[in-house]
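Throughout, this note's numbering is defined as the position within the sequence shown, counted from one, plus 414.
Built from N, CA and C at the ideal position, the CB exists for glycine as well.
To keep things clear, I will list the structure first and then write my remarks on it.
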Amino acid sequence: MLNNKAFLGINLDLLENPKYKNLDSRAMMLYALYADRYSASMNNARLGNTAFVDDMGVFIRFTNELAAKVLHTTVKMISKFRKQLESENLIKIVREGLKGYKIYVYPVQQTPNDVELLLPWKNHTITIQKVTSDWTITSKLEFCKKLKLSSQTIDITVKSQRGYTCDPNGNTSLSHSSLSHVFLNNNGLDDNARTRKENEIQSNQSNKNPYHSLPEKIKTSFVDVFGFITKPMAIELHSLISQSNEDMVNYVITSSKGHKVTNAIAYIKAAITNALKRGDKCVQDMINFYNENVKNTFIPSKNTRNSKRYMSEEEVNAMVARDEEEMRKNEPEFYAKIMRIKQRTQAKKFNRPMIPIYSLGE
């Protein structure tokens with residue numbers, strides 16, 4: 415049967431391992447939801463988005479209301495299942511003020527070898543082969559150098575791994591390490607990185623990795639201002655450098671530091687395109703344009719700063735007289751109406767009744 419539909423996988427160690435014998439099956443489904451969301455957070459972290467990474471590692475956000483809708487149950491039951499998962503050290507929940515909860519997802523413990531399996535899969539032989547490209551290896555290495563997580567590092571599998579679930583001498587369970595999403599360990603990065611030869615990495619990087627062919631100052635300034643450089647970003651930067659030159663691209667990157675730029679490549683591309691349309695040939699042309707047309711527009715002049723912000727009574731009266739004269743010529747009926755209103759107002763002012771004021775004792 416072809417599996418061409420999306421599905422949630424439940425780690426079989428949750429069913430086989432006696433450690434989890436008291437775990438509710440719906441709690442296992444909840445863990446599968448968390449594990450699936452965790453893989454998305456991990457993928458974002460590998461691409462340079464550290465919004466879901468903190469000092470404790472990669473975390474997820476998953477509300478009880480959403481989980482209750484997905485699992486067709488109540489929020490109260492979801493809270494109960496979360497407590498079960500937390501008691502089994504499968505998740506850790508940390509409150510973060512008004513933002514809600516951070517959920518840290520931990521791996522399932524593998525079933526011991528001396529446990530008789532309920533699902534031995536005797537009629538199946540499953541071969542798992544993982545192949546990691548050179549670009550993925552290099553990008554993960556670069557990202558891990560900057561992430562510096564104390565408790566976790568990303569597990570990078572460099573060589574192909576094969577696991578047979580029916581091997582009598584090996585693990586017969588479809589364990590977390592073979593089928594579930596990749597969790598982190600402290601030694602995997604260094605051990606796997608040492609398995610490749612240095613000259614092999616260098617040759618592959620130079621041929622397949624556009625990041626390493628970027629100029630050093632471009633890489634340094636981009637990482638300092640915007641962060642991680644992905645493969646599509648590296649390709650776009652190469653294109654912009656070929657259209658203009660290295661110094662112009664570097665100037666746009668460094669000058670945008672401190673600005674709220676949501677799309678770094680689009681911002682740089684727009685700046686370079688506008689510079690080329692103006693006929694700029696070098697960085698100095700771009701600097702001159704900025705000083706003459708952009709910088710001074712945001713600095714108020716001394717004359718503006720000291721200018722008078724009010725009108726004298728004589729100026730106001732003169733302006734009113736001019737407006738009334740213009741109204742009298744162009745709209746005589748409306749002018750006559752205004753004058754009658756003014757006359758009534760003046761009459762009311764002078765025809766107010768006099769109120770006598772008496773002193774005490776009079």
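Below 8 Å, can you find three or more Cβ-Cβ pairs linking the region 657 to 666 to the region 483 to 492? no
For N606 and M700, what's the separation of their Cα atoms in angstroms? Residue confidence is low: N606 scores 45 on pLDDT, short of 50, so the model does not pin down where it sits. Its coordinate-derived value is still stated next. Near 46 Å, if we compare the C-alpha coordinates of M700 and N606.
Any idea which residues DSSP pairs Y515 with across the strands? R509
Of the choices E660, A732, N623 and L504, whose alpha-carbon is the least far from that of T644? N623
For V697 versus D737, is the C-beta distance shorter than 9 Å? no
By Cβ distance, which residues of its chain are closer than 8 Å to Y412, with the 5 residues on each side in sequence left out? Examination of residue 412 is not possible in this model, given that the chain is present from 415 through 776 alone.
Who does G471 pair with in a DSSP beta bridge? D468
Reducing DSSP to helix, strand and coil, say where Y625 ends up. coil
Contacting residues, own chain, Cβ-Cβ under 8 Å from F476 (five flanking each side not counted): L447, Y448, R451 and I517
Mapping DSSP to helix, strand and coil, what is P534? coil
Can you check which of these residues, L422, K513 and R509, is closest to S453 by C-alpha distance? L422
Applying the 10 Å Cβ sphere with the 16-neighbour rule, what's the burial state of S493? Around the beta carbon of S493, a 10 Å sphere encloses fewer than 16 other beta carbons of the protein chains shown; the residue is thus reported as exposed.
Can you check whether the CB of M442 is closer than 9 Å to the CB of L429? yes
What three-state label does DSSP hand F636 in the structure shown? helix
Name the two residues that bound the continuous alpha helix (DSSP H) containing T668. E660 to S669
Under the rule that 16 or more other beta-carbon atoms within 10 Å means buried, what is D427, buried or exposed? buried
So T687 is in the alpha helix (DSSP H); what residue range does that whole segment cover? A678 to R692
Taking 9 Å as the cut-off, decide whether the C-beta atoms of V639 and S670 are in contact. yes
Tell me which residues share the same chain as G693 and place their Cβ nearer than 7 Å to its Cβ, disregarding the 5 neighbours each side in the sequence. Once the five neighbours on either side are set aside, G693 has no close Cβ partner at all.
Give the C-beta separation of I679 and E650 to the nearest angstrom, bearing in mind that I take them to be a contact with Cβ-Cβ under 8 Å. 5 Å
K763 to Y724 span [Cα, whole Å]: K763 and Y724: Cα-Cα distance of roughly 28 Å.
Look at the alpha carbon of Q524 and the alpha carbon of H673, and state the distance between them as a whole number of angstroms. The straight-line gap from Cα to Cα measures roughly 49 Å.
Considering just the uninterrupted stretch of the alpha helix (DSSP H) at D737, what are its terminal residues? Element bounds for D737: E727 to N744.
Who are the Cβ neighbours of D438 in its own chain at under 7 Å, not counting the five residues just before and after it? F495 and Q498
Give the range of the alpha helix (DSSP H) segment to which Y704 is assigned. It is not in any alpha helix (DSSP H) - Y704 carries neither H nor E in the DSSP assignment.
So the alpha helix (DSSP H) Q657 belongs to, where does it begin and stop? K645 to Q657
Cβ-based neighbour list, I397, same chain, cut-off 7 Å, excluding 5 preceding and 5 following: Any question about residue 397 goes unanswered here, given that the chain covers just 415 to 776.
Do you know offhand how far G514's Cα is from L628's? 41 Å
Distance check for K633 and Y704, CA to CA, integer angstroms please. For Y704 and K633, the distance between alpha carbons rounds to 24 Å.
Report buried or exposed for V529, applying the criterion of at least 16 other Cβ atoms within 10 angstroms of its Cβ. Exposed, by the Cβ-count rule.
Just to confirm, is the Cβ distance from L444 to A420 under 9 Å? Contact: no.
Of the residues S635, Y625 and V637, which one's Cα is nearest the Cα of P646? Y625
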